[in-house]
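Numbering-wise (my numbering), the sequence shown opens with residue -16 and increments by one.
Structure first, then comments.
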Amino acid sequence: MRNILQPVNKEAAEKIMSALRIWTRFDFRPRTRWRFVLLLFLLATLACCVTCSGGKSVPSPPPSQGAIVQPVLTTGDRAMLLQSQPTVSFGSGGGGTAVITVDDSITYPQMDGVGASLTDSSAWLLWNKLDVSQQATLMQNLFSSSAGIGVSLLRQPMGASDFSAIGNYSYDDMPAGQTDPNLLNFSISHDTAYIIPLVKQALTINPALKVAALPWSPPAWMKTTGTMNGGGVMTTYFPSLAQYFVKFIQAYQQQGISIYAISVQNEPLFSTTSYPSESLPATDASDFIANHLGPALNNAGLSSVKILAYEHNWDNPAYPESVLASSASSYVAGASFHCYAGDVAAQSQVEAAYPSKGIWFTECTGTVGSNFAGDLAWNAEHLLIGATRNWAHSVALWNLALDQNSGPKNGGCSSCRGVVTIDDSTIPSTITYNVEYYVLGHLGKFVVPGALRIASNTFGPGSIEDVAFKNPDGSKVLLVLNGSTSSSSFTVNWKGENFNYTLPAGALVTFTWK
């Protein structure tokens, strides 16, 4: 009796026992049989009440549910800016007009970082035009993956570029007509004023941050023109230039900043008298790396620092192919590209020719006066999706911050836009987060260094385009752009389960799940 009644409540059990006590007082002679039948009916009714309503039955298990997916959305009309949306779940449903199948058993090169350049101009603005509270907030919004967009790569000019607040400078400037081949005058003191302190802040916020570096020009005394603007390096100074790199890396190490990668020269096919630059043919770059820079790094115990070839546009893959075909190849990690000419498919051309080498995407600038929706779609298609689907280990934009006049400038671009704009015409300065901020955020906030790109099918320009990743912790990330002019529905398939989603025209969404 005890085991039978155990699941029911006390009140119901007492009702049954009361009925049984009544039953024992019944007279079972023929004239009272009708009473017995009535009692049996009563007992049956009570039993039903106990079982159906009076007891505490164990509930049925809920229907099985697949992985929960968090969408984060940015729309071309700015109604949504990296904004979390209601979660969806993988299940047995389907029905989208396009099916994106994510396969994390097929992997591609890892992501090393997402970011921009803390140029002298950018650092000067953050250091001098923001109060302490503004600076701290902006640094969190840039480098924290929880509070901000998770910038994990800084590509730093070695000396002045076209964005230098104080004009031209190198780490070994000499009076006109004098040289310093032994680099006795070498110093990074300029950087210790505000660039290095900000890089250290960034590393504190995001310890996974990587720092790459490259010159826009060697010191003026090494060059054919005697100035940092235009011309080229004299090959007789190749040994000094190699030691210039070594000393720079060591000096930054002494400041607690490891250099992850270097490139020999920014945009070596473009030389102008307007700002620091130089022409460096592929044959000279190969000679410098093979016979000077590579051995110098090895001799200094710096062989782990990657050397990236090229650092110029997609339109001339023959340049990095020439370097990778030369004796410099053993020292070179791969090729790095910019966005200003050609097609992103050039990255795959170089990778196919030299599959043991890596590909990096390292520069593209925003432009003042352009359209938010158009920039969102272009950057998502060509950089976040295009560059990474074409083997890139990184996605980096140009200036991290510029002012309301696209400055401070040191010649060159007059309409460049930073990831953020610091307007110092107001008191206090006003910070605007540009479309580039949200573009980087859709990747950097969710895809951490060490993540692997994983297989996913895509549907091409003007349609649903996507790229997928797997983070070191096993979480999955899927970026999807609706490149069409109307709202589109699609299905995401992973491990035999699906979810459906509808994306507005021109919108970008990042899905994450575990």
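Cβ coordinates follow ideal geometry from the N, Cα and C atoms, glycine included.
Considering residue 403, what are the terminal residues of the beta strand (DSSP E) in which it resides? Indexing the sequence shown from 1 puts residue 403 at position 420. Per DSSP, residue 403 belongs to the beta strand (DSSP E) from 403 to 406.
Assumed close pair residue 100, residue 382 - CB separation to whole angstroms, cut-off 8 Å: Locating residue 100 in the sequence shown gives position 117, counting from the first residue. Locating residue 382 in the sequence shown gives position 399, counting from the first residue. 6 Å between Cβ atoms; contact.
At what residue ranges does the segment 78 to 104 contain a whole run of the beta strand (DSSP E), taking only runs of 3 or more? 81 to 93 and 96 to 100
Classify residue 291: buried if its beta carbon has 16 or more other beta carbons within 10 angstroms, exposed otherwise. Indexing the sequence shown from 1 puts residue 291 at position 308. Counting Cβ neighbours within 10 Å, residue 291 comes out buried, since at least 16 surround it.
DSSP puts residue 66 in a beta bridge; with which residues? Residue numbering aside, residue 66 sits at position 83 when the sequence shown is read from its first letter. For residue 66, which the question treats as bridged, DSSP gives the partners 56.
Given that a residue counts as buried once 16 or more other Cβ atoms are within 10 Å of its Cβ, and exposed if not, what is residue 253? Start at 1 with the first residue of the sequence shown, and residue 253 comes out as number 270. Residue 253 is exposed by the Cβ-count criterion.
What does DSSP give as the partner residue(s) for residue 484 in the beta ladder? Stepping through the sequence shown from its first residue, residue 484 is reached at position 501. BP columns for residue 484 point to 473.
Excluding the 5 residues flanking residue 494 on each side, which residues of the same chain have their C-beta closer than 6 Å to its C-beta? Counting from 1 along the sequence shown, the entry for residue 494 is found at position 511. These residues qualify, in order along the chain: 52, 54 and 461.
With C-beta atoms as the reference, is residue 345 less than 8 Å away from residue 320? Within the sequence shown, numbered from 1, the residue matching residue 345 stands at position 362. Within the sequence shown, numbered from 1, the residue matching residue 320 stands at position 337. Cβ distance < 8 Å, so residue 345 and residue 320 count as in contact.
Suppose the cutoff is 8 Å on Cβ atoms and the five residues either side in sequence are ignored; what does the same chain contact list for residue 207 look like? Mapped onto the sequence shown, residue 207 falls at position 224. Closer than 8 Å at Cβ, skipping near neighbours: 214, 215, 216 and 217.
If residue 107 and residue 148 are in contact, beta carbons under 8 Å, what's the gap, nearest whole angstrom? Here residue 107 refers to the residue found at position 124 of the sequence shown. Here residue 148 refers to the residue found at position 165 of the sequence shown. Rounded, the Cβ-Cβ distance is 4 Å, consistent with contact.
Where does residue 139 land, buried or exposed, given buried means 16+ other C-beta within 10 angstroms? Position 156 of the sequence shown, counting from 1, holds the residue named residue 139. Residue 139 comes out buried.
Residue 352 versus residue 126: straight-line alpha-carbon distance, rounded: Here residue 352 corresponds to residue number 369 of the sequence shown, with the count starting at 1. Here residue 126 corresponds to residue number 143 of the sequence shown, with the count starting at 1. Their Cα atoms are separated by approximately 26 Å.
Taking Cβ to Cβ, would you say residue 257 is nearer than 8 Å to residue 401? One-based indexing of the sequence shown puts residue 257 at position 274. One-based indexing of the sequence shown puts residue 401 at position 418. No, they are not a contact pair.
Inter-stretch contact (C-beta, 8 Å, three-pair minimum) for the segment 160 to 175 and the segment 219 to 232: yes
Does at least one heavy atom of the ligand MN sit under 7 Å from the Cβ of residue 308? Within the structure as shown, the ligand MN is missing, as the structure has no ligands at all.
Please name the residue or residues paired with residue 399 in a DSSP beta bridge. Mapped onto the sequence shown, residue 399 falls at position 416. Answer is 350.
Sheet register partners of residue 321 (DSSP bridge): Residue numbering aside, residue 321 sits at position 338 when the sequence shown is read from its first letter. Looking at the DSSP assignment, residue 321 forms a beta bridge with 296 and 346.
Enumerate in chain order the residues of its own chain whose CB-to-CB distance from residue 551 is below 6 Å, with the five nearest sequence positions on each side excluded. The structure shown does not extend to residue 551, since the chain spans only -16 to 497, so no value can be given for it.
Might you give, ordered along the chain, the residues of its own chain that have their beta carbon closer than 7 Å to the beta carbon of residue 397, omitting 5 neighbours on each side? Reading the sequence shown from its first residue, position 414 is the one you call residue 397. Cβ within range, chain order: 389.
Neighbourhood of residue 423 by C-beta distance below 8 Å, restricted to the same chain and skipping five residues each side: To locate residue 423, count along the sequence shown from 1; it is residue 440. Taken in chain order, the residues that qualify are 97, 98, 99, 132, 134, 378, 380 and 402.
Backbone secondary structure at residue 238 - three-state DSSP: Along the sequence shown, one-based indexing puts residue 238 at 255. Coil at residue 238, not helix or strand.
In terms of residues, what are the limits of the alpha helix (DSSP H) holding residue 416? Residue numbering aside, residue 416 sits at position 433 when the sequence shown is read from its first letter. Careful: residue 416 lies outside any alpha helix (DSSP H), inside the beta strand (DSSP E) at 413 to 416.
Kindly confirm or deny that the segment 61 to 68 and the segment 472 to 482 touch, where touching means at least three C-beta pairs closer than 8 Å. Fewer than three pairs of CB atoms, one per stretch, sit closer than 8 Å, so the segment 61 to 68 makes no contact with the segment 472 to 482.
Identify the continuous beta strand (DSSP E) that holds residue 460 and give its terminal residues. Taking the first residue of the sequence shown as 1, we reach residue 460 at position 477. Residues 459 to 465.
Please name the residue, chosen from 242, 60 and 145, that lies closest to residue 255 on a Cα-to-Cα basis. The count along the sequence shown starts at 1 and reaches residue 255 at position 272. Among 242, 60 and 145, the Cα nearest to that of residue 255 is on 145.
Local conformation of residue 449 per DSSP, three classes: Counted from its first residue, the sequence shown places residue 449 at position 466. In the structure shown, residue 449 sits in a strand (DSSP, three-state: E or B).
Would you report the Cα separation of residue 102 and residue 174, rounded to the nearest angstrom? Taking the sequence shown and counting its residues from 1, the one referred to as residue 102 is at position 119. Taking the sequence shown and counting its residues from 1, the one referred to as residue 174 is at position 191. For residue 102 and residue 174, the distance between alpha carbons rounds to 10 Å.
Quick check: residue 489 and residue 370, are their CB atoms within less than 8 Å of each other? The sequence position of residue 489 within the sequence shown is 506, counting from 1. The sequence position of residue 370 within the sequence shown is 387, counting from 1. No; because the gap between Cβ atoms is not below 8 Å, this pair is not in contact.
Note down the Cα distance separating residue 224 from residue 168, rounded to an integer number of angstroms. Taking the sequence shown and counting its residues from 1, the one referred to as residue 224 is at position 241. Taking the sequence shown and counting its residues from 1, the one referred to as residue 168 is at position 185. Approximately 13 Å, taken between the alpha carbons.
Taking contact to mean at least 3 C-beta pairs separated by less than 8 Å, is the segment 80 to 93 in contact with the segment 427 to 447? yes
Residues near residue 418 in its chain [Cβ-Cβ closer than 6 Å; skip 5 each side]: Sequence index remark: in the sequence shown, residue 418 carries index 435 (1-based). So the qualifying residues of the chain are 355, 358 and 359.
Could you tell me the boundaries of the alpha helix (DSSP H) in which residue 188 lies? Taking the sequence shown and counting its residues from 1, one reaches residue 188 at position 205. Segment 172 to 188, the alpha helix (DSSP H) holding residue 188.
Backbone CA spacing between residue 341 and residue 306 [nearest angstrom]: As a first step, residue 341 must be located in the sequence shown, where it is residue number 358. As a first step, residue 306 must be located in the sequence shown, where it is residue number 323. Approximately 13 Å, taken between the alpha carbons.
Kindly indicate the opening and closing residues of the beta strand (DSSP E) around residue 386. Counting from 1 along the sequence shown, the entry for residue 386 is found at position 403. Looking at the DSSP string, the run of the beta strand (DSSP E) that includes residue 386 is 384 to 386.
Per DSSP, the bridge partner or partners of residue 440: Here residue 440 is taken as the residue at index 457 of the sequence shown, counted from 1. None, per the DSSP bridge assignment.
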